[in-house]
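J.: Have a look at this one.
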Amino acid sequence: MASLRTESAADGPQMHAARAGRHTVLCLLLLLGAILKPQESVAQLLTTPGSLEPEVPTGTMVENYETIVQLCWRDYKDLMDSIREDWCDWTIISKPYSDLQYCLEQNADHFGLGFPNPLAEQIIFETHQTHFANCSLVQPTLSDPPEDVLLAMIIAPICLIPFLVTLVVWRSKDSEAQA
1 MASLRTESAA
11 DGPQMHAARA
21 GRHTVLCLLL
31 LLGAILKPQE
41 SVAQLLTTPG
51 SLEPEVPTGT
61 MVENYETIVQ
71 LCWRDYKDLM
81 DSIREDWCDW
91 TIISKPYSDL
101 QYCLEQNADH
111 FGLGFPNPLA
121 EQIIFETHQT
131 HFANCSLVQP
141 TLSDPPEDVL
151 LAMIIAPICL
161 IPFLVTLVVW
171 RSKDSEAQA
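Under our numbering, the very last position in the sequence shown is 179; numbers go up by exactly one each time.
This is the structure we're talking about:
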């Protein structure tokens, strides 16, 4: 701004032209704002007093979610009862289990309850107690390798160590002789 004032003292018409240019730009911006619709404008819409507060689930919403959750549980139970094979095999039960989780999660989002929620956790816990109580992680028992393999694994490093020590000493003597 200081450079503009110093120039205006020396040359009056330039200062007048700069002010007129600013006035024109300001008028164009105001005109553009008046022409554009609010949806097309760059301006941010104002929020209303309650618009940023999270929606609190009502009793009816929770009751409706409970009803839907019971339907999800019934469908899952029917699918699991139709499986005659091992319930502990993930490849067999992954589809019904994933369907149950999807049903719980999507309906929780639909009713604005969030996931996981206490009711969904209760259903999943009940699922594990009902269908997977006898499942455990079966780990194979480890046994020692055969004796000949074990001896080879022990003797090979023992024989290799003296050879490596001899090689290091021999190479260090060569480097001292050359120096």
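For glycine and all other residues, C-beta sits at the position ideal for the given N, C-alpha and C.
(1) Please tell me whether Cys88 and Cys135 are closer than 7 Å, where the distance is taken between their beta carbons.
(2) Under the three-state reduction of DSSP, which class applies to Arg84: helix, strand or coil?
(3) Closest by CA to His110, which one among Phe132, Val149, Met61, Met153?
(4) Please report the distance separating the alpha-carbon of Ile124 from that of Leu151.
(5) Looking at the structure shown, is Gly59 part of a helix, part of a strand, or coil, going by DSSP?
(6) For the stretch 111-175, list the alpha helix (DSSP H) runs that are entirely contained and at least 4 residues long, ordered along the chain.
(7) Suppose you measure from the CA of Gln101 to the CA of Ala156; what does that come to, to the nearest Å?
(8) How big is the Cα-Cα spacing for Ile93 and Glu66?
(9) Just the Cα atoms here: how many angstroms apart are Ser143 and Ile154?
T.: Taking the geometry as given:
(1) yes
(2) coil
(3) Met61
(4) 51 Å
(5) helix
(6) 118-131
(7) 54 Å
(8) 24 Å
(9) 17 Å
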